[in-house]
Amino acid sequence: MNKVSVKDTTISIPVYPVGAPEKLPVFAENRVHQRMSGNPYPNAVTADVRASEKPERRELRAVVIENDYIRVTVLPEYGGRVFSAEDKTTGSDFLYRQHVIKPALIGLLGPWISGGIEFNWPTHHRPSTFLPTDVTIEEDEHESVVWLTSSDVFDRMTGSVGIALRDDRAYFETRVRLYNRTPERRSFLWWENAAVPAGPDLRIFFPQDVGHVFFHYRRNTTAYPVTGGWFNGHRIPENTDISRHGNTPFPTSYFSAASRYDYFGSYDESTGGGVVHVADHHISPGKKMFTWAYDQLARTWEKALTDTDGPYLELMAGSYSDNQPDLSWLAPYEEKRFSQYWYPISDTGVPCFANLDMAVSVHSDRVVIRPTGSFADCEITVSDANREISREKTSLDVLRNHIIELTGDIVGEVRIVVKSAGKTLVDYTTMKPPKDDNVPVIEGFPTPDECRSSEEAFLTGTHVVGYRDPSANAERYFEKAVSLSGDNFEAYASLAECMARRGDFESAYRNITRAWEIQTIRDMRPVSGRIAFLYGNIALALGKNNEAEESFWSAYFTVDTKDAALVRIAELEGLRGDFIAAKRHASESRAGVSADVIRILAGNRLGEKTDIREKLREYPMSQALRFAAVICGEYDKRAFYDGLSDEPSQTCIDIFEDLSRAGFADEAAEALRGLTMSGKRCSCMVWYLLGERPETKDVCGVFPHRECERKALEAAFRNGDAYAGYLLGCLLCGRREYARAHAMFEKSGLPEGTRGAAVCLWKLGRKNEALEKLRAAAERMPDDDQVLWELFRVENRLVASTGDAERLLMNRKKIRDDICTEYAVALCRRGEPDRAVTIMEGHEYVPCEGGEGAVADAWILANRMLADRAFGEGLYETALGLYEKAETLPENLGAGWWNDAKKAPLRYAEGLCLEKLGREKQANERFGWITSLLTDFFSDMALPELDIIKIKAYRKLGDTEDAEKTIKSARARFEKEINRRDSGFFGTTPFFDSFYAESDAMAERHAHYGRLLAELEKVSLDG
């Protein structure tokens, strides 16, 4: 084989089937996922990932691309992930290859699988990781590309990654194109998440100029590769080499510090296999390792994600991002293009340098070079500080190790120079890692009240928006900014932008006009067109087309918004039927596909020949251009619809939206009409947008959220369509317009509307009414698991009777994991912890990332209640056993410990039992273990009252000095925290929980820290 081969085929593999997506939308505004917003709306979620305990063998679509050296297999059905990558010269996989599809609850929308490479964007993990992608194959004489394309399920940006392989190289390229097809700026990150088999002898290598690593959000840092001290809430022994995987026993991430080199990877010293990643570090600075490591949590997740393939480690490579979260911006209609590269190594040892041409390892007695291509007429020079050790002329063959023996004593660092035909391929000198002192970390950000200046408030609000914070409300920061300085036009503009995004265009208009007035007091031609462009967008949403067009022409004057403004100008001209002007201005714009589609369709309306074929060669993955080609008679209509794998209704609605606002109403309708006749599954929104009564109530996993959908639903509801009223309520609730949403839910009269009304009542602060409405919804939808879980959760939260929920539960043959946990909590509240323990012991859980603690909490609560009862009765040996049982999480719970602080109350209780039993030494060991814990950000997440337990432990050990110090520091911290005013929610949740309200933030904060202060005061007095 000399040419690159591509086969669109199938593979047979066991697949654990997941449950059906929930029929009800989730409005979890404060859900956290990978430290960013995990609010799933408008997307349906899947909360039950194990519909069967046994896998079913399935034939999955697989696209295989290979040359003489490597073979890469892609699964379009699972987010377009790379399934496997094989080094054909050794016959081994150089990525972690799964032999089963076994989902667990890690994804933003629920299911997630491990292995291969996952392409994460615009957030981590990829929200559409469990959804299919469109596939386009390009084949050329020396290179082939498999394009995998889908639209971001939240902001509808388009992301394409091309798996590219050349015939003469042993690496594969991931060729990325990200396109923001919307008129709004959007934040994003791109991380390629590669899995490799994990083991104690696996070495993670960052460039040698990396002297420290960070945790998520730069909350924590430690030296690299040799370190010691506290990191991510865990103590690392001094002089520990954390580049060796076996030396990291707890789950964690290591994000590389900035490097001036382009490579990183892993190498397993026990197998001799490894993988190298290469990308331009200016564009792709992110280098990360994540591991589940070796504790109970690791075993839990290994069991959840595979049957036989063992543990894995994640090597993640970030473009436009070097941390998680760490996001960049895509301007309206902006496209970013970049590439990353992956290749195998074998029997090299750990590389000290790598680039696209080769990896180089320097050992005490030899240098090993592993080339990715064949290079003739090579000259290789090796020298140290004193002498030239070796110089040889040779040739290098692809994926064949070239070894240079080192003789004599090596003085200082080693320099390797490799030239081919006079061109320098490598010139590298080894180095010791730097000692980085005083590395800054991020301690969090101020609340609006704590911002000392308008600029600080504005910058913090911008950070909240860009980083998609799950609990803070950016609008509060921008409001604070303008209150501190009435001239901060940027803050007014950002406030308007936030309001427009949630559909409050009237308020947005007031603020954007104020921003424009301030900006143009003296200068009618500002240096940036951002505010003028925003002004135009908002005016257009209000139907002020003439005002909008004038604003877009103002935005045209500056380079940052010129091309985007031309698209919007061309759209308005198309709406007026002036396709000559529309074509002229779309042609002038360099805004990519959006401008091209307008230009081509305007030309088609004018009867002119278009360049659609040339554009399809430039953008072979673009469905918008493909449909334009259908309209122009240059692409087969059936082939267009057959090629839609990424949710077809949403793709066609995107096309409908874009064409409608550019004056191509007939073409827009044809996109939807053709879908209804294609035989593809269709969302009811397709018919609503056509102004027709739907043939189905299916939303195809995506609830309405666009402005065009709002207008279509309002029209349908006016014509008596109750389901349209319900969907309109969903859209309004998704925009946080709870009062209006509540009214629509009630007017719909549907069971789903009853549940929606309960959500709105809760968010409006009417909790008791919400509970009664939720009970009514459960009666109307007795088989709906989401409603039953919500009912249990709300009843537990309000300390209300769970009789209705339990009655409905008894009719279930299978109990969902989260329902089982809430039922156990309800039993404990009712004084039946023994039943709670029995139920949890008999239930097989699938873990939920971030939710492992909730299962552990329920287990601890039930066993601790039993232990406390035994202790009160003087049965100290029994109580000790029960406290230890609470600390020992059974395997079936799918749980584990992210931070040891959660064990502290149990260890203290064990110490009390041991005291009563006269076993003072063992008791003091328990108390000493507690005092050894570090109180920090990570322990606060696990156990906010850790300091209170530590104070009691100090006193048991007779250490009154440290007890008093801890009392003072804890009191100062709690008193500071109780008086803070949150901009949004007080906390976050990892669950698909709609029953939280921003309005509760202050009460929740006061209750939380009030309890801690009361407990602290009691401990102080007891001393």
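In terms of numbering that gives the first Met the number 0, the sequence shown opens at residue 0 and continues consecutively. Where a beta carbon is used, it is the ideal one built from N, C-alpha and C, also for glycine.
Comparing alpha-carbon positions, the option among 312, 277, 301, 298 lying closest to residue 290 turns out to be 312.
In this structure, residue 105 sits away from residue 14, with a CB-CB distance that is not shorter than 8 Å. As for any alpha helix (DSSP H) of minimum length 4 sitting wholly inside the segment 586–638, the runs are 592–604, 611–617, 622–630, ordered along the chain. Put simply, the backbone Cα of residue 641 is about 8 Å away from that of residue 677. Residue 237: member of the beta strand (DSSP E) spanning 233–240, first to last residue.
A Cβ-Cβ contact shorter than 8 Å links residue 994 with residue 793. Counting of Cβ neighbours within 10 angstroms places residue 605 among the exposed residues, the total staying below 16.
Burial is judged here by how many other beta carbons sit within 10 angstroms of a residue's own beta carbon; residue 662 has at least 16 and is buried.
Linking residue 983 to residue 474 through their CA atoms gives a straight-line distance of about 9 Å.
Residue 489 sits buried, since 16 or more C-beta atoms from the chains shown fall within 10 Å of its C-beta. The segment 174–190 makes contact with the segment 328–336: 3 or more CB pairs, one atom from each, lie closer than 8 Å. DSSP places residue 523 in the coil class of the three-state scheme, outside both helix and strand. Judged by DSSP in its simplified three-state form, residue 329 adopts strand.
DSSP places residue 506 outside any beta strand (DSSP E); the residue lies instead in the alpha helix (DSSP H), whose first and last residues are 504–518.
Taking a cut-off of 8 Å for Cβ pairs, the segment 209–220 and the segment 297–317 do not touch, as fewer than three such pairs fall below it. In this structure, the alpha-carbon of residue 576 lies about 15 Å from that of residue 599. Taking a C-beta distance under 8 Å as the contact criterion, residue 681 and residue 698 do not qualify as a contact pair.
In this structure, the CA atom of residue 170 is about 32 Å from the CA atom of residue 248.
The alpha-carbon separation between residue 161 and residue 938 amounts to approximately 42 Å.
For residue 654, the uninterrupted alpha helix (DSSP H) segment begins and ends at 647–659. The secondary-structure analysis by DSSP pairs residue 357 across a beta bridge with 370.
Checking the DSSP bridge columns, you'll see residue 211 partnered with 222.
Exposed is the label assigned to residue 616, since fewer than 16 other Cβ atoms lie within 10 Å of its Cβ. Residue environment for residue 35: buried (at least 16 other C-beta atoms within 10 angstroms of its C-beta).
When DSSP states are grouped into helix, strand and coil, residue 571 belongs to the helix group. Check the Cα spacing between residue 141 and each of 887, 707, 1007, 165: the tightest is with 165. Apart from the 5 residues on each side of it in sequence, residue 448 sits with its Cβ closer than 6 Å to the Cβ of 980 in its chain, given in chain order.
DSSP places residue 276 within a strand segment (E or B) once states are collapsed to three.
DSSP places residue 318 in the uninterrupted beta strand (DSSP E) bounded by 311–318. By the C-beta density criterion, residue 211 is buried, having at least 16 other C-beta atoms within 10 angstroms. Shown here, residue 956 sits in coil according to DSSP, grouped into three states, outside any helix or strand. By the CB criterion at 8 Å, residue 347 and residue 400 fall inside the cutoff. By the criterion of at least three beta-carbon pairs nearer than 8 Å, the segment 236–243 is in contact with the segment 193–203. Contact annotation: residue 554 and residue 531 have beta-carbon atoms nearer than 8 Å. Listed in chain order, the non-local C-beta contacts of residue 965 below 6 Å within the same chain comprise 946, 949, 950, local neighbours out to five positions each way being set aside. The Cβ atoms of residue 144 and residue 168 do not sit closer than 8 Å to each other.
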